[in-house]
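A.B. asks: My questions all concern the structure below.
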Amino acid sequence: MPTTPPPAKTLDGEPGRLGTLVRAALPAVPGVNQLPGVRKGPARDFAGLSYRREQVVAERARVDAYASVCGFPRRDVVPVTYPHMLAFPLHMAIMGDPAFPYPAIGMVHVENAITAHRAVGVGEALDVTTEVGPPRPHARGVLLDFVTTVTADGGTAWESTSTYLRRGRTIEGDVAPGLEVPDPPTGGVEWRLPADLGRTYASVSGDANPIHLYPLTARALGFPRQIAHGMWTKARSVAAIENRLPDAVTVEVAFKKPVFLPGTVAFAARRDDGGWTFAMTNPKDGSPHLVGRATPA
Numbered sequence: 268m269p270t271t272p273p274p275a276k277t278l279d280g281e282p283g284r285l286g287t288l289v290r291a292a293l294p295a296v297p298g299v300n301q302l303p304g305v306r307k308g309p310a311r312d313f314a315g316l317s318y319r320r321e322q323v324v325a326e327r328a329r330v331d332a333y334a335s336v337c338g339f340p341r342r343d344v345v346p347v348t349y350p351h352m353l354a355f356p357l358h359m360a361i362m363g364d365p366a367f368p369y370p371a372i373g374m375v376h377v378e379n380a381i382t383a384h385r386a387v388g389v390g391e392a393l394d395v396t397t398e399v400g401p402p403r404p405h406a407r408g409v410l411l412d413f414v415t416t417v418t419a420d421g422g423t424a425w426e427s428t429s430t431y432l433r434r435g436r437t438i439e440g441d442v443a444p445g446l447e448v449p450d451p452p453t454g455g456v457e458w459r460l461p462a463d464l465g466r467t468y469a470s471v472s473g474d475a476n477p478i479h480l481y482p483l484t485a486r487a488l489g490f491p492r493q494i495a496h497g498m499w500t501k502a503r504s505v506a507a508i509e510n511r512l513p514d515a516v517t518v519e520v521a522f523k524k525p526v527f528l529p530g531t532v533a534f535a536a537r538r539d540d541g542g543w544t545f546a547m548t549n550p551k552d553g554s555p556h557l558v559g560r561a562t563p564a
């Protein structure tokens, strides 16, 4: 049975992107995955894990580079999705920790919910904590919720939950329904996405998962060619309606079918009671890549 979760571990300084990714990938390598410091513990004993970064600055150059890739304007506050960039090294640190029972390779980001309690200024110093608890059941495996809290001046400025699916053996318990977005809009404006979008987004996010980079690296992991990052599809969707959203807002999305690169997607948004419903779809058949909603927080 899981025991009490350990206290949060601190990542000091600037986390090494390549080193963090390599450490997270090693448990998927046969033979290597049995070495001390790499070998994963049993899932039944996993009580949770937490990492934090202190006084992380939302630097102007990085915010502007991210905004440019995702379609946001240059402003004195960060895009509502940007704090995820500050949390991503914590996600990878957790997945690379031997106490975390699953390899990072094969973790599928299926849902993401962000609540911004206020605008975060460029240049602000932020404390960022990400924690994950024991897995919960899913029809195709287990789900793990990575919960991030961003604080400044003693108050919570931003929160998110990134839900990952690990396919395989499930566990006992009731399967909770995922995000439901009734009657998402279809059609709308079309965006042509270049072949190097995954590499461009990786350069500003630190997420260099091979499935996003090149056809060869994507095929090695079961995809016919590289796919866009799910968090890019969310950021680009939010950028399209950002000027209609309040500073205090909750944006929830479910990632559906992958977006292959190069490719064309359609984006549509509809104002509903109390907020917006939006979707990114395949313009040929209307099948969804992403569905979401934004409501005042």
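Counting the sequence shown from 1 gives a position; the working numbering is that position plus 267. Heads up, the beta-carbon is just placed ideally off N, CA and C, and yes, glycines get one too. Note that the coordinates shown come from a computational prediction; the quantities given were computed from them, not determined experimentally.
(1) According to DSSP, simplified to helix, strand and coil, what is L355?
(2) Give me the residue from M362, I478 and E519 with the minimum Cα distance to E378.
(3) Would you tell me roughly how many angstroms separate the C-alpha atoms of L393 and G421, rounded to the nearest one?
(4) Apart from the five residues just before and just after D565, which ones in its own chain have a Cβ nearer than 7 Å to its Cβ?
(5) Take every Cβ of the region 413-431, pair it with every Cβ of the region 460-475, and state whether three or more of those distances are shorter than 8 Å.
(6) Given this structure, state the Cα-to-Cα distance separating L557 from K551, to the nearest angstrom.
(7) Roughly how many angstroms lie between the CA atoms of S317 and V471, to the nearest whole one?
(8) Any idea if L528 is buried or exposed, counting beta-carbon neighbours within 10 angstroms, 16 or more meaning buried?
(9) Name, in chain order, the residues that DSSP records as bridge partners for P404.
(10) Identify, in the order they occur along the chain, each residue of the same chain with its Cβ nearer than 6 Å to the Cβ of A506, setting aside the five sequence neighbours on each side.
(11) Can you give the Cα-Cα distance for A502 and V324, rounded to whole angstroms?
(12) I need the DSSP call for I478, collapsed to helix, strand or coil.
(13) Three Cβ pairs or more, each shorter than 8 Å: is that satisfied between the region 439-454 and the region 530-539?
(14) Check I438 in the structure and name its three-state DSSP category.
(15) Could you check which residue in R403, G435, K524 and G542 has the C-alpha nearest to that of V516?
(16) If you count every other CB in all the chains shown that lies within 10 Å of the CB of S335, and 16 or more means buried, which is it?
(17) Bridge partners of F367, per DSSP?
(18) DSSP on D540, reduced to helix/strand/coil?
(19) Tell me T382's beta-bridge partners as DSSP assigns them.
(20) Using only alpha-carbon positions, find the residue among R511, P555, A546 and D474 that is nearest to A360.
(21) Taking DSSP as the reference, what is the three-state secondary structure of Y333?
(22) Put L528 into one of helix, strand or coil per three-state DSSP.
(23) Would you report the Cα separation of Y431 and R341, rounded to the nearest angstrom?
(24) In terms of residues, what are the limits of the alpha helix (DSSP H) holding V505?
(25) Which residues in the same chain have their Cβ closer than 8 Å to the Cβ of R329, if we skip the five residues on either side of it in sequence?
(26) State the DSSP-derived secondary structure class of P555, mapped to helix, strand or coil.
(27) With respect to the alpha helix (DSSP H) encompassing A469, which residues constitute its N-terminal and C-terminal limits?
(28) Quick one: using the 10 Å Cβ neighbour count with 16 as the cut-off for buried, is A443 buried or exposed?
(29) Excluding the five sequence neighbours on either side, which residues of its own chain have a C-beta within less than 8 Å of the C-beta of P477, listed in chain order?
(30) With DSSP as the reference, label P461 as helix, strand or coil.
(31) Give the DSSP-derived three-state secondary structure of D394 in the structure shown.
(32) If contacts are defined as beta-carbon pairs under 8 Å, then F413 and H358 qualify, I think. What distance do you get, rounded to the angstrom?
C.D. replies: Quick look at the numbers:
(1) According to the sequence shown, residue 355 is Phe rather than Leu. Residue state, collapsed to three classes: helix.
(2) Considering only alpha carbons, the answer is E519.
(3) Cα-Cα distance, rounded: 10 Å.
(4) The shown model of the chain, from 268 to 564, leaves out residue 565, and the question about it has no answer.
(5) In the pairwise beta carbon analysis, the region 413-431 is classified as not touching the region 460-475: fewer than three pairs are separated by under 8 Å.
(6) The alpha-carbon atoms of L557 and K551 are separated by roughly 15 Å.
(7) Cα-Cα distance, rounded: 24 Å.
(8) With 16 or more other Cβ atoms within 10 Å, it is buried.
(9) Answer by DSSP bridge pairing, in chain order: V409.
(10) Excluding five sequence positions before and after A506, the CB atoms of its chain that fall closer than 6 Å to its own CB belong to C337, G338 and F339, given in chain order.
(11) Between the alpha carbons of A502 and V324 lies a distance of about 20 Å.
(12) In the displayed model, I478 falls within a helix according to three-state DSSP.
(13) Contact between the region 439-454 and the region 530-539 is present, because at least three Cβ pairs lie under 8 Å.
(14) In the structure shown, I438 sits in coil (DSSP, three-state: anything other than H, G, I, E or B).
(15) Nearest of R403, G435, K524 and G542 to V516, Cα basis: G542.
(16) So S335 counts as exposed.
(17) For F367, which the question treats as bridged, DSSP gives no partner whatsoever.
(18) Residue state for D540 is assigned as coil, using DSSP reduced to three classes.
(19) Partner(s): E426 and T517.
(20) Measuring from the Cα of A360, the nearest candidate turns out to be D474.
(21) In the three-state reduction of the DSSP assignment, Y333 falls in the helix class.
(22) L528 sits in coil when the DSSP states are folded into three classes, being neither helix nor strand.
(23) Those two C-alpha atoms are separated by around 31 Å.
(24) In this chain, the alpha helix (DSSP H) harbouring V505 covers G497 to I508.
(25) If we look at R329 and ignore the five residues flanking it on each side, its Cβ neighbours are M352 and V471.
(26) Here P555 sits in strand by DSSP.
(27) Here the alpha helix (DSSP H) through A469 covers L464 to S472.
(28) By the neighbour-count rule (16 or more Cβ atoms within 10 Å), A443 is not buried but exposed.
(29) Around P477: T484, A485, A487 and L488.
(30) Taken through DSSP and simplified to helix, strand or coil, P461 comes out as coil.
(31) Note: D394 maps to strand in three-state DSSP.
(32) The C-beta distance from F413 to H358 rounds to 6 Å, short enough to meet the 8 Å contact threshold.
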